[in-house]
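Below is one structure, written out as structure tokens, with a few remarks after it.
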Amino acid sequence: MPGWCGHRAHRRPSGNPFRGASSLSNRYSDRVLALAGLAQALHQVRRIAETGQSESSAVQASLESVFRIEAATPLAVYGRLGDIAPGLRVLRGYLAKEAQDDGLPRLAMAVLQLERRFVREDDTVHAVTCGLADIAPRAEQHGSTHPDVLSALGGLYADTISHLRPRVMVQGNPHYLGQPGVVAEIRAILLAAVRSAVLWRQLGGSMWDFVFSRRQMLDAVDDWLS
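Quick note: the sequence shown, position 156, residue 156 per full-length UniProt numbering, numbers continuous.
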């Protein structure tokens, strides 16, 4: 699929693979998977920032999505349905206006705005894709949640996307946000959040969806969760 490229052969990418639409689909059922990926990643960011703890399986699914660039379907980007189900449940809460955490939607809007800047910055795109190609062998060997991999992914985000505007500002407990390991994990997961934002846009996602298509998106989420 077009998008996060270069991993399997560990080759250096050319051009900007993030512009343009995906050939996979533009159905609501697929778009909500990408939004669920975004919600799942940012829910973990919020949790880590507040408590210093994360759900390892949810984080793993998010991080592995940055390396799955030859997936045949949007679902395959995240693995199995069970891997993205936590994000679908989080997304459902917001679409149904049942969620209580107002900070997550603000964080999501910031990431979606950042994604628009990112895909237009060819040098940053090139640096990210090359960095992922370098990190991929370690992720395959040790797992995407290994501390060395988290550190590498977090460093890649810090060296590239974090310099773009608008910056994504994560608020939380200063005790945890002052710990290098926590900061690295948050940055690594933010990289996964941007990946999901890219996928959503490639699948035809638009900010207007939240205004005019909330019911259709909620129905699509319920179909996945049923």
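Beta carbons are placed, not taken as given, at the ideal position from N, Cα and C, and that holds for glycine.
Considering only residues of the same chain and omitting the five flanking positions on each side of residue i, which have a CB-CB separation below 8 Å?
i, result
"V32", "L88, L91, M217, A220, V221, W224"
"S56", "T145"
Under 7 Å between C-beta atoms, does residue i make it to chain B?
i, result
"V183", "No chain B appears in the structure shown, which is made up of a single protein chain."
With DSSP collapsed to three states, give me the class of residue i.
i, result
"A76", "helix"
"R89", "helix"
"R68", "coil"
"Q113", "helix"
"residue 248", "No information on residue 248 is available, as it lies outside the stretch 1 to 226 that the chain covers here."
"residue 233", "The structure shown does not extend to residue 233, since the chain spans only 1 to 226, so no value can be given for it."
"V194", "helix"
"T124", "helix"
"P147", "helix"
"L96", "For the record, residue 96 in the displayed sequence is Ala; it is not Leu. Reduced to three states, the DSSP call for A96 is coil."
Which word fits residue i, buried or exposed, when buried means at least 16 other C-beta atoms lie within 10 angstroms of its C-beta?
i, result
"P147", "exposed"
"R117", "exposed"
"L43", "In the sequence on display, residue 43 carries His and not Leu. Its Cβ being crowded by 16 or more others within 10 Å, H43 is buried."
"L107", "buried"
"F212", "exposed"
"S65", "buried"
In its own chain, which residues sit with a C-beta less than 6 Å from the C-beta of residue i, not counting the 5 before and 5 after it?
i, result
"A41", "S62, I189, A192, A193"
"G131", "L156"
"Y28", "Q216, M217, A220"
For residue i, collect the residues of the same chain with a Cβ closer than 7 Å to its Cβ; drop the 5 residues on either side in sequence, then sort them by chain order.
i, result
"I186", "V45, I48, A49, V170"
"R201", "E115"
"P166", "A110, Q113, L114"
On the premise that residue j lies in contact with residue i, defined as a C-beta separation below 8 Å, what is that separation, rounded to the nearest angstrom?
i, j, result
"L38", "A197", "6 Å"
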